[in-house]
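J.:
There are 2 protein chains.
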Amino acid sequence: MDKAKRKKLEDKGWKVGTVSEFLDLTPEETTLIEIKLALSRNLKERRQKSMTQTELADKLHSSQPRVANAENGDASVSIELLIRAMLATGATPQEIGQVIAQVG
Amino acid sequence: MDKAKRKKLEDKGWKVGTVSEFLDLTPEETTLIEIKLALSRNLKERRQKSMTQTELADKLHSSQPRVANAENGDASVSIELLIRAMLATGATPQEIGQVIAQVG
DNA sequence: CACGGATATATCAGATATGATATAAAAGAT
DNA sequence: ATCTTTTATATCATATCTGATATATCCGTG
Numbered sequence: 057m058d059k060a061k062r063k064k065l066e067d068k069g070w071k072v073g074t075v076s077e078f079l080d081l082t083p084e085e086t087t088l089i090e091i092k093l094a095l096s097r098n099l100k101e102r103r104q105k106s107m108t109q110t111e112l113a114d115k116l117h118s119s120q121p122r123v124a125n126a127e128n129g130d131a132s133v134s135i136e137l138l139i140r141a142m143l144a145t146g147a148t149p150q151e152i153g154q155v156i157a158q159v160g
Numbered sequence: 057m058d059k060a061k062r063k064k065l066e067d068k069g070w071k072v073g074t075v076s077e078f079l080d081l082t083p084e085e086t087t088l089i090e091i092k093l094a095l096s097r098n099l100k101e102r103r104q105k106s107m108t109q110t111e112l113a114d115k116l117h118s119s120q121p122r123v124a125n126a127e128n129g130d131a132s133v134s135i136e137l138l139i140r141a142m143l144a145t146g147a148t149p150q151e152i153g154q155v156i157a158q159v160g
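In the order they appear, the protein sequences are chains A and B. Note that my numbering has the first sequence beginning at 57, numbered continuously upward. Note that my numbering has the second sequence beginning at 57, numbered continuously upward.
(1) Using beta-carbon positions only, say whether A/A131 and A/V123 come within less than 8 Å of one another.
(2) In or out: A/S96 buried (at least 16 other Cβ within 10 Å) or exposed?
(3) Are the region 99-118 of chain A and the region 60-68 of chain B touching by the rule of at least three beta carbon pairs closer than 8 Å?
(4) Please compile the residues from chain B whose C-beta is within a distance smaller than 7 Å of the C-beta of A/A144.
(5) Could you tell me whether the Cβ of B/E136 comes closer than 8 Å to any Cβ of chain A?
(6) Can you give me the Cβ contacts of B/S119 inside the same chain, cut-off strictly under 6 Å, excluding the 5 residues immediately before and after it?
(7) A/V155 to B/A60, Cα distance in whole Å?
(8) If you count every other CB in all the chains shown that lies within 10 Å of the CB of A/F87, and 16 or more means buried, which is it?
(9) Going by the beta-carbon positions, is the gap between B/K92 and B/G129 smaller than 8 Å?
(10) Report the residue ranges of all alpha helix (DSSP H) runs contained in full by the region 70-137 of chain B; include only those spanning at least 4 residues, in chain order.
(11) Which residue's Cα is closest to the Cα of B/M107: B/P149, B/G153 and B/T145?
(12) In angstroms with no decimal places, state the Cα-to-Cα distance between B/G153 and A/E85.
(13) In terms of residue numbering, what span does the alpha helix (DSSP H) encompassing B/G153 cover?
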């Protein structure tokens, strides 16, 4: 992974850590992060087409800042919230499955 | 939903609640539960083919009881752990996406 | 430029998920 | 039937995720 990409992850709170720690990231851990980032990106795309972050937050019974975190791939956001958010934008299980399947 | 199915969910810790509360479950909430249960079932199938719960727990850096909960669709288990477990059994994002896409 | 709506960042207390442990129950083998 | 392995259930302290709030930054429009 190049430095720029790593810095981006670290800025989002991912504990990519030092080089040696990074090398300890298993393929599974890497894949999990990639799944989260794919969901984030897709969520942002979907949401932007029809509503504002605040509107989505209301549907989700969450808050605008939390939606922002979700869309920005912040490490504090669980896959669970990402999927709940996707569903709140009207995404079907098919579409969600699609996004995950595209990873890797 | 028939009573038998509901009891099953309640036994696993899902707050399906009384009838009136149940009727308040949005389609999104229902879909989320279905996604979790689909992942649970698939995890159990996959894991049984190649290893014991304890072995999977070790790969996951988790514990056997937790794996049991995951496979039994216990409400305390997050989608995140389910997906981590799937990956630990060797599942690809494609396969995971497939399982989710099948829901609904 | 100034204003307003949208999005981003920071912080926090409470809620939920976590792995660990103990132990019970089930399933298999001999 | 007994012994061994595997899986299920219960409990717990700690870690992580949560929505809320305050506030900063961005971005388009007048």
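Every residue gets a Cβ at the ideal spot worked out from N, C-alpha and C, and that includes glycine.
T.: Let me lay it out:
(1) no
(2) buried
(3) no
(4) E84
(5) yes
(6) A113
(7) 34 Å
(8) Note on residue identity: the sequence assigns Thr, not Phe, to residue 87 of chain A. Buried, because 16 or more other Cβ atoms sit within 10 Å of the Cβ of A/T87.
(9) yes
(10) 75-79, 83-106, 109-116 and 120-127
(11) B/T145
(12) 17 Å
(13) P149 to A157
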